[in-house]
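This report refers to the structure that appears directly beneath it.
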Amino acid sequence: MIFKDIVFFIAAIGALGGAAGVVLLRNPFYSVLSLVGHLFFLAVLFLLLNAQFLAAAQLIVYAGAVMVLYVFVVAYIGGAEEPLGDTVSGIRALGVLFALCLLAELCVAVIGSGLKALDSSGAHIGAGFGGPGQIGSLLLNRFLIPFEAASYLLLIAAVGALVLARKRRGFEELTEGGGTA
Amino acid sequence: MNVTWYVVLSAFLFAIGAAGVLTRRNPLVILLCLELMLNAGNLALIAFSRMWGNGDGQIFALVVMVVAACEVVVGLGIIVGIFRRRIPEDVDALSELRG
Chain A
2 MIFKDIVFFI AAIGALGGAA GVVLLRNPFY SVLSLVGHLF FLAVLFLLLN
52 AQFLAAAQLI VYAGAVMVLY VFVVAYIGGA EEPLGDTVSG IRALGVLFAL
102 CLLAELCVAV IGSGLKALDS SGAHIGAGFG GPGQIGSLLL NRFLIPFEAA
152 SYLLLIAAVG ALVLARKRRG FEELTEGGGT A
Chain B
8 MNVTWYVVLS AFLFAIGAAG VLTRRNPLVI LLCLELMLNA GNLALIAFSR
58 MWGNGDGQIF ALVVMVVAAC EVVVGLGIIV GIFRRRIPED VDALSELRG
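Chains A and B, in that order, are what the protein sequence lines are.
Counting in my numbering, the first sequence runs from 2 upward without gaps.
Counting in my numbering, the second sequence runs from 8 upward without gaps.
If you want it as C-alpha cells, here you go:
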C-alpha cells in the first residue's frame with residue numbers, strides 16, 4: 002500500500018510539473034515535449050486506478066500519435082517564441098485570477114460534496130477490471146451507440162481535416178484578388 | 008490512496024490548463040492547454056470509475072479521448088491554414104471573424 006502512495010506522489014508531481022511546463026515555457030516545441038511528459042505521468046496515474054487499457058491507449062494514441070502530429074505542425078510553422086512582455090498585463094493577471102477562482106471552486110465542490118465513497122480507496126473490483134476484455138464488452142453491449150457515434154465523429158474530423166488542408170483554388174483567387182483579408 | 012487525492016489533482020490540472028488558455032496567445036499552445044483540460048477531465052472520470060468499481064467512466068474517458076483527437080486534427084488544420092495565409096499566429100490578431 003505504501004508503495005502505491007509513493008508512486009502516486011511521484012506521478013502527481015510529474016503530471017503537475019508537465020502541465021506547468023506546457024503553460025510556462027515560451028517555445029511551443031518545449032511545450033509539446035512537456036505535454037508528452039505530462040501524458041506519461043498521467044498514464045501512470047491511470048494504472049494506479051486500475052485502468053490498464055486506457056493507460057496503454059493514452060501512451061500509444063496520445064503520447065505516440067497525437068503528439069507527433071503536434072511536433073510536425075510546430076516544425077512546419079516554425080514555432081516562433083511568443084513575446085511575453087508586450088501584452089496587457091492586467092488581462093493576464095485577470096486570467097490567472099480566474100483560474101485560481103476555478104481551482105478554489107472545484108476544490109470546494111469536491112471536498113464539500115459529502116460523498117462518503119470519496120474517502121475510500123474505491124469499491125471492490127474484480128480481476129479483469131479496466132482490461133481490454135471489460136472495455137470491449139462494455140463498448141459492444143451497453144455503449145454501442147456512443148461507440149458508433151465516436152467512429153462517425155472521427156470520420157467527420159478526418160474529412161474536415163482534408164477539406165482544411167486542401168489547396169482551394171477559389172479561396173486563393175479570392176485572397177490574391179485583394180479580397181477579404 | 009483515497010479517490011479524493013485523484014479528483015483534487017485533476018482539479019489542479021484543469022485549473023492550470025484554464026490558466027494557459029486564458030493567458031497564452033499562440034493558438035498552438037492554446038490547443039495544448041485544451042488537451043490539459045480534457046486530460047484532467049479524463050483523470051476525474053477514471054477516478055470516479057474506480058470509486059464505484061464500475062467500468063462506465065472508463066468508456067466515457069475513451070470517448071473524451073476520441074473527441075480530443077478530433078479537436079486536435081481540426082485545430083491543427085486551422086493553424087496550418089492560418090500559417091499559409093501569412094496571418095500572425097496570435098489570437099489577439101485573429102479578429103477577422105469578429106462581428
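C-beta atoms are modelled at their ideal positions from N, C-alpha and C, and glycine is treated no differently.
(1) Determine the direct distance from the alpha carbon of A58/A to that of V72/A, and round the result to whole angstroms.
(2) Mind checking if L49/A is an interface residue toward chain E, Cβ cutoff 9 Å exclusive?
(3) From what residue to what residue does the alpha helix (DSSP H) around R91/B run?
(4) How would you list, in chain order, the residues of chain B whose beta-carbon sits under 7 Å from the beta-carbon of V37/A?
(5) Mind checking if A25/B is an interface residue toward chain A, Cβ cutoff 9 Å exclusive?
(6) With a threshold of 9 Å between beta carbons, is L50/B in contact with chain A?
(7) Could you check whether the Cβ of S56/B sits closer than 9 Å to any Cβ belonging to chain A?
(8) Should the stretch 134 to 145 of chain A be regarded as contacting the stretch 57 to 65 of chain B, the criterion being three or more beta carbon pairs within less than 8 Å?
(9) Please state if the CB of G88/B and the CB of Y165/A are separated by a distance shorter than 9 Å.
(10) Assuming V70/B contacts A151/A under a Cβ cut-off of 8 Å, what Cβ separation, rounded to an integer in Å, is found between them?
(11) Mind checking the stretch 8 to 38 of chain A against chain B and listing, in chain order, the residues whose C-beta falls within less than 8 Å of any C-beta there?
(12) Hey, could you find the ends of the alpha helix (DSSP H) A57/A is sitting in?
(13) Determine the burial state of S90/A: buried for a count of at least 16 other Cβ atoms within 10 Å of its Cβ, exposed for fewer.
(14) Counting Cβ pairs, one atom from each stretch, are 3 or more of them under 8 Å apart for the stretch 29 to 41 of chain B and the stretch 3 to 13 of chain A?
(15) State the Cα-Cα distance for the pair D120/A and A110/A, rounded to the nearest angstrom.
(16) What residues in the stretch 119 to 137 of chain A bring their beta carbon closer than 9 Å to a beta carbon of chain B?
(17) For the alpha helix (DSSP H) holding R57/B, just list the boundary residues, first then last.
(18) In whole angstroms, what separates the C-alpha of R46/B from that of K168/A?
(19) Is the stretch 112 to 127 of chain A in contact with the stretch 32 to 46 of chain A, if contact means three or more CB pairs nearer than 8 Å?
(20) Alpha carbon to alpha carbon, how far is N51/A from V62/A?
(21) Quick one: which chain A residues come within Cβ less than 7 Å of L29/B?
(22) Does the beta carbon of L101/B sit closer than 9 Å to a beta carbon anywhere in chain A?
(23) Identify, in the order they occur along the chain, each residue of the same chain with its Cβ nearer than 8 Å to the Cβ of V36/B, setting aside the five sequence neighbours on each side.
(24) Report yes if the CB atom of G24/B is closer than 9 Å to the CB atom of L43/B, and no otherwise.
(25) Just to confirm my understanding: we take S102/B, look at its own chain, exclude 5 residues before and 5 after, and list those with CB closer than 8 Å. What are they?
A quick look at the data gives this:
(1) Residue numbering aside, residue 72/A sits at position 71 when the first sequence is read from its first letter. Residue numbering aside, residue 58/A sits at position 57 when the first sequence is read from its first letter. Answer to the nearest angstrom: the Cα atoms are 19 Å apart.
(2) Among the protein chains of the structure shown, namely A and B, there is no chain E.
(3) Here the question's residue 91/B lines up with position 84 in the second sequence. That run of the alpha helix (DSSP H) goes D63 to R91.
(4) Translated into the one-based positions of the first sequence, residue 37/A becomes position 36. The premise fails here: V37/A is roughly 10 Å from chain B at the closest Cβ pair, so nothing lies under 7 Å.
(5) On the second sequence, position 18 is the one that residue 25/B refers to. So yes, A25/B belongs to the interface.
(6) The residue labelled residue 50/B in the question sits at position 43 within the second sequence. So yes, L50/B belongs to the interface.
(7) Against the second sequence, residue 56/B aligns to sequence position 49. It does: the Cβ of S56/B has a partner Cβ on chain A nearer than 9 Å.
(8) yes
(9) The sequence position of residue 165/A within the first sequence is 164, counting from 1. The sequence position of residue 88/B within the second sequence is 81, counting from 1. It is Leu, not Tyr, that sits at residue 165/A in the sequence shown. The answer is yes: Cβ separation under 9 Å.
(10) Counting from 1 along the second sequence, the entry for residue 70/B is found at position 63. Counting from 1 along the first sequence, the entry for residue 151/A is found at position 150. Right, their Cβ atoms sit about 5 Å apart.
(11) F9, A13, A16, L17, A20, A21, V23, V24, P29, S32, V33 and L36
(12) For the purposes of this step, residue 57/A is taken as residue 56 along the first sequence, with counting starting at 1. Start and end: Q53 to A58.
(13) Locating residue 90/A in the first sequence gives position 89, where the first residue counts as 1. It is exposed - the Cβ of S90/A has fewer than 16 other Cβ atoms within 10 Å.
(14) no
(15) Here residue 120/A refers to the residue found at position 119 when the first sequence is read from its first residue. Here residue 110/A refers to the residue found at position 109 when the first sequence is read from its first residue. Using only the alpha carbons, I get a separation of about 14 Å.
(16) L119, D120, S121, S122, G123, A124, H125, I126, G127, F130, G131, Q135 and I136
(17) As a first step, residue 57/B is located in the second sequence; it is residue number 50 there, counting from the start. Element bounds for R57/B: P34 to W59.
(18) The residue labelled residue 46/B in the question sits at position 39 within the second sequence. The residue labelled residue 168/A in the question sits at position 167 within the first sequence. This sequence places Asn at residue 46/B; Arg is not what is there. If you take the alpha carbons of N46/B and K168/A, they lie about 33 Å apart.
(19) no
(20) Taking the first residue of the first sequence as 1, we reach residue 51/A at position 50. Taking the first residue of the first sequence as 1, we reach residue 62/A at position 61. Near 19 Å, if we compare the C-alpha coordinates of V62/A and N51/A.
(21) The residue labelled residue 29/B in the question sits at position 22 within the second sequence. Result: G96, F99 and A100.
(22) By one-based count along the second sequence, residue 101/B stands at place 94. No, no contact with chain A.
(23) Reading the second sequence from its first residue, position 29 is the one you call residue 36/B. Closer than 8 Å at the Cβ level, and outside the excluded window around V36/B, lie G27.
(24) As a position in the second sequence, residue 24/B is number 17, starting the count at 1. As a position in the second sequence, residue 43/B is number 36, starting the count at 1. It is a contact, given that the beta carbons lie within the stated cut-off.
(25) In the second sequence, the residue the question calls residue 102/B occupies position 95. So no residue of the chain qualifies.
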